[in-house]
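Residue numbers for the sequence shown follow the working numbering, so the first one is 611 and each next one is one higher.
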Amino acid sequence: MYIEYNDIELDIFFNSLPNSIFDNEFDGNIFYQREEGGFKLSMYIYTYSLEVNIFLNYKNYDIVSLNLVNVSSITLSQKILTIKSNKNKCQIIFDKVFKIHNES
C-alpha cells in the first residue's frame, strides 16, 4: 500500500518541487516546504509507511506539529490541501488566510 497523491498538485500548493528526506529520490520519502509572511509550512511524506508529518513555524517558533498515520490520500481542491487517513482528515489552507483543521 502507499499514499495516493498527485505530485503536480503538491508542487503547485507548495510553489516548489519536493526534496528527498534520505537523499534517495526513488524511495518514496519526500518533503515539501513553503514560506509566507513569516510562516513556514513543512510536510514530510513517507509514502510506503503511510505516514505524513506536518510542521508549522512562525519566525522559527514551533506552532503546530501533526503526525498522521495510515494516510490513504493527499488531494488539492481550490487551494485546500486535504490529507485523509482511516481516523483523521486534515485540511490545510495556506494563502492570505492560513488555517489547519484536523478532524479525528
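Think of the CB as a built atom: it goes at the ideal place given N, C-alpha and C, for glycine as much as any other residue.
Since the model is a prediction, treat every value here as computed from it, not as a measurement.
In this structure, Ser682 sits near Lys694, with a CB-CB distance shorter than 8 Å.
A distance below 6 Å between beta-carbons, with the five flanking residues on each side excluded, links Gln701 to the following residues of its chain, in chain order: Ile690, Thr692, His711. When only Cα atoms are considered, Asn670 and Leu660 end up about 28 Å apart. For a cut-off of 8 Å, the C-beta gap from Asn629 to Phe641 is around 6 Å, short enough to register as a contact. Counting C-beta atoms within 10 angstroms of its own C-beta, Phe636 has fewer than 16 neighbours from the protein chains shown and is therefore classed as exposed.
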